[in-house]
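Colleague: Here it is, the structure, as structure tokens.
Protein chains: 2
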Amino acid sequence: VFTKFASSLAGPESTVRVSGDQMDWEAELVVVIGVGGRRIPTSTAWDHVAGLTVGQDLSDRTVQWWGPPAQFSLGKSFEGFAPVGPAVVTLDELSEDHNRDDLRIICAVQDAPDGEHRILQDGSTSSLIFPVPEIISRLSEIVELYPGDLIFSGTPAGVGMGLTPPQYLRAGQTLTTEIEGLGTIRQRLV
Amino acid sequence: VFTKFASSLAGPESTVRVSGDQMDWEAELVVVIGVGGRRIPTSTAWDHVAGLTVGQDLSDRTVQWWGPPAQFSLGKSFEGFAPVGPAVVTLDELSEDHNRDDLRIICAVQDAPDGEHRILQDGSTSSLIFPVPEIISRLSEIVELYPGDLIFSGTPAGVGMGLTPPQYLRAGQTLTTEIEGLGTIRQRLV
């Protein structure tokens, strides 16, 4: 569990400054808490969710590995490193056509404004090591959740630091993050 | 840099549930931000400070060492694990009789309500590895600071996990944390 400081939040269509030569992507399902609480059991965890949205958990891996101990929270909290949106989709709206536990999640990059979309990540939220109810339950064992809290979940395979050789984001690229039923967010890197 | 989630905040006189058998103390000077900003130079950092107060950075070392990676932010964020107070002392008020860069900081424990105070930590804020202006400057290079933000600084030698053998807090004890010119906070452990 790591923190993205509130000052890193940004909207769905945004411009982000590349923080260094190891800026990485992580497409993530974001849970928006509607009803707060402590010690929420998994069986009722979904009742605490106002809705779901798309998030991009940008990280500076250079800063992340400062330490020891590692500095994940700082590395994830540069300005604009937590873009979310384009809307909070409520569970009833989502469930009309989709399974909230199995949503396709895709991250792609364009190297130039009119370039092709290279797929970086293509997975499903059904592969989360900790499914949403488990995340809510485990977090709320220690931390009280409040209405409006945003919980970034996990990311599919394909982040840059795991590639051989590693790949990172560069100025001039455009990153898109899409989740089935929730929409797309788009970050222009400068 | 680690996070204490907002839900761990508590007042100066409080009761805290012992989270397990490795709950540790860290007496800390807490900086209250008055004027926010990004990329604040050390030379003007004090101008961003509304005042100073006393904090106790309680940690559950068992949870902290979950992982890898380590889970400092969770370990520090149980309910009541961030008691602060008893007042925000402004810099002009403090400087009448004290040096803001050299404040004595003492942590003590009573094993029983009427027992003697055993000193656990006795140091000075002049020994901080990162002095206050440096903390503000380095943090604000990455994270935007907001008015009302609380920054826990560093702690003097003498935390429980560093002792031979290690010592931890137990139910029935009372922990007091005092900083010269700022006052005392007192936590009853149950």
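Chains as they are written, first to last, in our numbering: chain H, 1 to 190; chain R, 191 to 380. Using N, Cα and C, we set each Cβ at its ideal position, and we do this for glycine too. Bear in mind that the values here come from a model prediction, so they are computed numbers and not experimental data.
(1) So is THR3/H buried or exposed if we call it buried at 16+ other beta carbons inside 10 Å?
(2) Within this structure, are the beta carbons of LEU150/H and VAL32/H separated by less than 9 Å?
(3) Less than 9 Å separating the beta-carbons of THR205/R and GLN377/R?
(4) For chain H, check one thing: does any of its Cβ atoms lie closer than 9 Å to the Cβ of PRO259/R?
(5) Please state whether the Cβ-Cβ distance between VAL89/H and LEU52/H is less than 9 Å.
(6) Quick check on the burial criterion: 16 or more other C-beta atoms within 10 angstroms. Buried or exposed for ASP237/R?
(7) Please identify the residue among GLY160/H, ARG17/H, ALA157/H and VAL143/H whose C-alpha is closest to the C-alpha of GLY36/H.
(8) Which whole-angstrom value is the C-beta distance of GLN311/R and ILE296/R, which I expect to be below 8 Å?
(9) Would you kindly check if the distance between the Cβ of LEU248/R and the Cβ of GLY371/R is under 9 Å?
(10) Leaving out five residues on either side along the sequence, give the residues of the same chain with a beta carbon under 6 Å from the beta carbon of GLU13/H.
(11) Taking 6 Å as the limit between beta carbons, can you name the residues of its chain near VAL159/H, skipping five residues before and five after?
(12) Our contact map puts GLY224/R next to VAL244/R with C-beta atoms below 8 Å; I'd like the distance itself, whole angstroms only.
(13) So what does DSSP say about ILE341/R, is it helix, strand or coil?
(14) Would SER108/H and HIS98/H qualify as a contact pair, given that the criterion is a beta-carbon distance under 9 Å?
(15) Any beta carbon of chain H sitting closer than 9 Å to that of ILE332/R?
(16) Determine the extent of the alpha helix (DSSP H) in which LEU284/R is found, giving its start and end residues.
(17) Can you confirm whether ARG38/H, when its beta carbon is compared against all beta carbons of chain R, has any partner nearer than 9 Å?
(18) Relative to chain H, which residues along the stretch 247 to 278 of chain R have a C-beta separation below 8 Å, given in chain order?
(19) Tell whether a beta-carbon distance below 9 Å holds between SER327/R and PRO258/R.
(20) Out of SER7/H, TYR168/H, SER127/H and GLN167/H, which one is the CA nearest neighbour of SER153/H?
(21) Counting along the chain, where does the beta strand (DSSP E) carrying LEU335/R start and finish?
(22) Please list, in chain order, all residues of the same chain as ALA82/H whose beta carbon is under 6 Å from its beta carbon, the five residues on each side excluded.
(23) Should GLY305/R go down as buried or exposed, given a rule of 16 or more other Cβ atoms within 10 Å for buried?
(24) Taking the alpha helix (DSSP H) that SER73/H belongs to, which residues open and close that run?
(25) Per DSSP, what kind of secondary structure is GLY352/R in: helix, strand or coil?
(26) Show which residues of chain R have a CB atom less than 7 Å away from the CB atom of VAL1/H.
(27) Would you say TYR168/H faces chain R, with C-beta separation under 9 Å as the test?
(28) Could you tell me how far apart the beta carbons of GLN56/H and THR177/H are, in whole angstroms, since I believe they sit closer than 8 Å?
(29) Between the stretch 4 to 33 of chain H and chain R, which residues of the former have a C-beta closer than 9 Å to a C-beta of the latter?
(30) Since GLN254/R is in the alpha helix (DSSP H), which residue starts that stretch and which ends it?
(31) So who's on the other strand from PRO83/H, going by DSSP bridges?
Modeller: Judging by the given coordinates:
(1) Residue environment for THR3/H: buried (at least 16 other C-beta atoms within 10 angstroms of its C-beta).
(2) Going by C-beta atoms, LEU150/H is nearer than 9 Å to VAL32/H.
(3) yes
(4) yes
(5) yes
(6) exposed
(7) VAL143/H
(8) 7 Å
(9) no
(10) ARG186
(11) ASP24 and GLU26
(12) With a Cβ gap of about 18 Å, GLY224/R and VAL244/R do not count as contacting.
(13) strand
(14) First, the amino acid is wrong: residue 108/H is Ala here, not Ser. Cβ atoms of ALA108/H and HIS98/H: not closer than 9 Å.
(15) yes
(16) 281 to 285
(17) yes
(18) Of all residues in the stretch 247 to 278 of chain R, VAL253, PRO259, ALA260, GLN261, PHE262, SER263, LEU264, SER267, PHE268 and GLU269 have a Cβ within less than 8 Å of some Cβ in chain H.
(19) no
(20) SER127/H
(21) Element bounds for LEU335/R: n/a, residue is neither H nor E.
(22) LYS4, SER8 and LEU9
(23) exposed
(24) Start and end: 72 to 75.
(25) helix
(26) Near VAL1/H (Cβ distances below 7 Å), the residues of chain R are GLN261, SER263 and LEU264.
(27) Residue contact check for TYR168/H against chain R: no CB pair falls below 9 Å.
(28) 5 Å
(29) PHE5, ALA6, SER7, SER8 and SER19
(30) That run of the alpha helix (DSSP H) goes 251 to 254.
(31) PRO83/H pairs with ALA10/H.
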